[in-house]
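Read top to bottom, the protein sequences are chains A, B and C.
Under my numbering, the residues of the first sequence are numbered 1 to 317, in order.
Under my numbering, the residues of the second sequence are numbered 1 to 289, in order.
Under my numbering, the residues of the third sequence are numbered 1 to 255, in order.
Ideal Cβ placement from N, Cα and C applies to all residues, glycine included.
The structure under discussion appears below in the form of structure tokens.
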Amino acid sequence: MLKYLLWPIALVALLLLPHGLSFSQQEILVFLTINVLLVSTYRLLTLTGEWSLGHVVIMGVGAYASALYTKEFGLFVPVSMLLGGITAALIAILLSFPLFRMKGFYFLIGSFAAGEIIRLLWKRFREPFGGPKGIKGIDPMPDFSIGIYDFDFFEPISYYYFAGTIVILCLWVLWRIEKSPVGLTFHAVHWQDKLAEASGVNLRAYRTLAFAIASGFAGIGGALMAHYVGTINPNSFDVEVMVFVLTWAIVGGTGTFYGPILGCVLLTVLNEIVLREMGFEQLRPLIYGAILIASILFLPNGLESIVQRLTRKEAKS
Amino acid sequence: MIELLAQTCLNAVYAASYISLVAVGLVLIFGVMGVINFAHGELFMAGAYAVVTFYADLHLPFLVAVALGLVFVGCLGLLMERALFRPLRDNPLGGLVASIGFLMILQALAVLGYGVRMEHIPPVTQEVIVFSDKVRLPLSRLFVIIAAVVLLGALWYFLKRTKFGWALRASAQDPEAAELQGISINQTARIAMFIGAGLAGIAGALTAPLVSVNPHMGHSVIVTAFIVIIVGGVGSLEGAVLASVVYAVVHTFVTTFYDGVIADIVGLSLMLLVLIVKPTGLFGSADRA
Amino acid sequence: MTNLLEVKDLTMRFGGLTAVDHLSFTVKHGEIHGLIGPNGAGKTTTFNMISGFYKPSGGQVLLRGEDISGLKMHEVARRGVVRTFQHSTLFAELTVMENALVGTHMPFRPNIFAAIVGWDKEDRRGAQARAMEALEFFGIDHLKHERAGDLSHGHQRALGLAVAYASHPDVMLLDEPFTGMNPEETRRMMDLMEKLSHEGITILIVEHDMQAIMGLCDTITCMSFGKFLAEGGPDEIRNHPDVIEAYLGGSRNVA
């Protein structure tokens, strides 16, 4: 009984949530929604066992692509967002050729280098990327009405509903993939790639597939961000943001689907609500750094391990 | 044209000197601890801020400030070894991620302590050696070059000729066998960390009056150091020095004849190319990944 | 019986060392074929070349006349030649059932779009059924919800075979399947292999310990120092002077 009520209740809670918040908190909620997608795609990437340091830049590829498609070709924003995601996935496939010749720590450094190259290209080429200042005045999502609700995208609430719908859709797809035989194959590639290969799994193809899917959805996340903020530049996607994503994933734990989301939500609440209210916002990198170290040292399996311990106890008693 | 070439070469030698100090420290840490220290650029930055504090603010003699920088950053290295790398010894990726966390902390502390603005450091000397009209070498740069040569020479002597150096190399090659020989891993890790971090710190301290000192300066330093250690072969000290020279020459020339951003792109592409074609590096065969 | 797998002049050099030197032998359809030799004879290297784990320095591996040498492991597997691993190489973090499901990767190739929309129900059911069949075949179906890493040693070995069996192989390459087993486990393992053979699966076993496979194999190829030494039925090999010499000379592990 409770099981069937859980999802509708969660949905209503998500719908009502922004109404209790201030304007700036609503804006944070929009970013949080996008970040949830970003960190979930990062988990998909880590499913095959490789940790990338270029993921945020790939998200930026989606943002830049979508912004440019609307600007240069006047595309309808949702269409250009989708194309932004596809562009990010294609770039990822292109990058996979050099990157998947490396493994482990070399992959980490290689992905970092590839990301830096992309960022430098944005910085260097004023046409079309706008150089260090980036792209300004990106087309916002055009307002529309669905009868019961008028979307006015000047309001963060409207964008929250819009982005939230897209993010939930994306998460659903990611979830379906993970729970499918394809997802099982990703796990197999991670845990014992030689045995997977002996079972006929094309390792390279599956690593590339995971990389491309993760990048594609991250690209959609980037596009959602770009059309909300209205301006992007190479520094919007720098290493610091990558460290935030890494921290969310590690603090939450990457063993389960919900782990990284948990990490992202909790740390955002901590950061934006607690720190900002207390006036410690300047300390954000410091606190993130400390949390990252603490969780690596004392909670190597992330917050999800605590949740699992609790639920297991409950199931037993 | 000849003069431009000569000047570019001088610039390259200067760049190679401090890059190799940073890279050799990074390789030393990796060799002994098996961890890639992502915070190495921030250790460089810490060295530069030591000079800001002791030389520019407290008006101590420059050399004293540099020495204090070396000791201060070396101690930061010891702190990292004890607090991060030792508990994570069996988890190299964890060590790397922890060093990213440390990087964030150092950067934030610099912002808190000094603000994000660029620091102004009074020049140590204005003297310039004039070879000809267009070929000049500021004395302060020559000083960095000489210091780098002396330090690397001293390191070489230490590693090849002393008992500590022997222990260090032994545990870099085979930690377990070294431990059986009675070499304490903790001891060698401390020495490697102090020297490795100290080298980054002294490089930052020496060049502080010549570059723009700000809390985010570590980023380009670590990117450069990564390129150099990959190109030189991870784990090879000689490779790191050689690769520093190669990188400095390529980067300086591309900067002079095209522009700085293109030079960065060329450097990173060089690194990707090496990673793809010969992951053991151009000069190294030692590999402990 | 026809030749299914043919090894021709197979050679592997590591630097200056020649681990396998112009080795030739053939595996006939439906037989259990043993590849034996003392330590360091190059058995495992040969095995790794046949399965696509190593690329040979020279020579060929022919499957039904098609050259498969130098293909990647998954390409070899897709042609029906599936290998197992020494020790207990499994997906330790996954359940027994999930392990077997990975084994069904080839007959039920996952399709990502069908998986998202839900049009692959039939395939998923088929894969489940096949995986279950494989687990039942090796008598470990009652353990299907266990974590593979938690299984006993013998069960892990059985699961390793089940993963390979789930893919409907024509040839199974078994890498030292009896290592570390007590006589009871060895006997049970031999029964399983007989059973596999009755299913029409051709089996190539690489084994150091001669005793274990004497009663099992139809044909045995013996190699020593990377070279072909002798071939024949178990009795022939048991009494072959060169084989006795090689085992006595190499290590004291006479059959």
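For the pair of segments examined, the stretch 68 to 78 of chain B was found to touch the stretch 185 to 195 of chain B: the number of CB pairs separated by less than 8 Å reaches three.
In the DSSP assignment, Met172 (chain C) falls within the unbroken beta strand (DSSP E) covering Val171 to Asp175. In chain order, His219 make up the part of chain B whose C-beta sits under 8 Å from the C-beta of Val239 (chain A). Here His142 (chain C) is exposed. Its C-beta has fewer than 16 other C-beta atoms within 10 Å. Counting only runs of 4+ residues, the alpha helix (DSSP H) found wholly inside the stretch 155 to 235 of chain C occupies 183 to 198 and 210 to 214, in chain order.
For Phe125 (chain A) and Ala188 (chain A), the gap between their C-alpha atoms comes out near 42 Å.
With respect to chain A, the C-beta atom of Gly70 (chain C) has no partner C-beta closer than 8 Å. By the CB criterion at 8 Å, Thr256 (chain A) and Glu197 (chain A) fall outside the cutoff.
Approximately 28 Å separates the beta-carbon atoms of Ala46 (chain B) and Leu137 (chain B); this is outside 8 Å, ruling out the contact. Closest in alpha carbon position to Met193 (chain C), among C:Gly180, C:His208, C:Asn182 and C:Ala212, is C:Ala212. The alpha carbon of Leu95 (chain A) has as its nearest neighbour, out of B:Leu272, B:Gly198, B:Leu282 and B:Leu79, the alpha carbon of B:Leu272.
Per the coordinates, the alpha-carbon of Leu310 (chain A) lies some 45 Å from the alpha-carbon of Phe144 (chain A). Under a criterion of Cβ atoms nearer than 8 Å, no residue of chain B is adjacent to Glu281 (chain A); the nearest Cβ is some 11 Å distant.
DSSP, reduced to helix, strand and coil, places Asp264 (chain B) within a helical segment of the structure shown. Interface criterion met: the Cβ of Ala98 (chain B) is under 8 Å from a Cβ in chain A.
Within the stretch 82 to 106 of chain C, those residues whose Cβ lies closer than 8 Å to any Cβ of chain A are, in chain order, Val82, Arg83, Thr84, Phe85, Thr89, Leu90, Phe91, Ala92, Glu93, Leu94, Glu98, Leu101, Val102, Gly103, His105 and Met106. Cβ neighbours of Phe211 (chain A) within its own chain (closer than 7 Å, five residues either side excluded): Leu45, Ala92 and Ser96. Using a Cβ-Cβ cut-off of 8 Å, Lys194 (chain A) is close to Phe53, Met73, Phe85 and Thr89 of chain C, given in chain order. Residue range Phe62 to Met80 is occupied by the alpha helix (DSSP H) that includes Ala67 (chain B).
Contact between the stretch 245 to 256 of chain B and the stretch 15 to 27 of chain B is present: 3 or more CB-CB pairs across the two stretches fall below 8 Å. About 31 Å separates the Cβ atoms of Phe91 (chain C) and Trp7 (chain A), ruling out a contact at the 8 Å cut-off. Under DSSP, the beta-bridge partners assigned to Met12 (chain C) are C:Val20. Comparing alpha-carbon positions, the option among C:Arg238, C:Leu161 and C:His168 lying closest to Ile205 (chain C) turns out to be C:Leu161.
At least 8 Å separates the beta-carbon of Val269 (chain A) from that of Ile100 (chain B).
Excluding the 5 residues flanking it on each side, Leu275 (chain B) has same chain C-beta neighbours closer than 8 Å at Ile230, in chain order. DSSP, reduced to helix, strand and coil, places His153 (chain C) within a helical segment of the structure shown. If you draw a straight line from the Cα of Asn301 (chain A) to the Cα of Glu207 (chain C), it is about 40 Å long.
Contact of Glu277 (chain A) with chain C is not assigned, every C-beta pair being separated by 8 Å or more. Leu63 (chain C) sits buried, since 16 or more C-beta atoms from the chains shown fall within 10 Å of its C-beta. Judged by DSSP in its simplified three-state form, Ile232 (chain A) adopts strand.
Within the stretch 168 to 187 of chain A, no residue places its CB atom closer than 7 Å to a CB of chain B. Under DSSP, Thr95 (chain C) takes part in a beta bridge, and its partners are C:Arg147. CA-to-CA, the gap between Pro241 (chain C) and Met223 (chain C) works out to about 13 Å.
Within the stretch 112 to 127 of chain C, the residues whose Cβ lies closer than 7 Å to any Cβ of chain A are, in chain order, Ile112, Ala115, Ile116, Arg124 and Ala127. At a cut-off of 8 Å between C-beta atoms, Gly233 (chain B) does not count as an interface residue with respect to chain A. The beta carbon of Leu195 (chain A) lies closer than 8 Å to those of Ala188 in the same chain, with the five residues before and after it left out.
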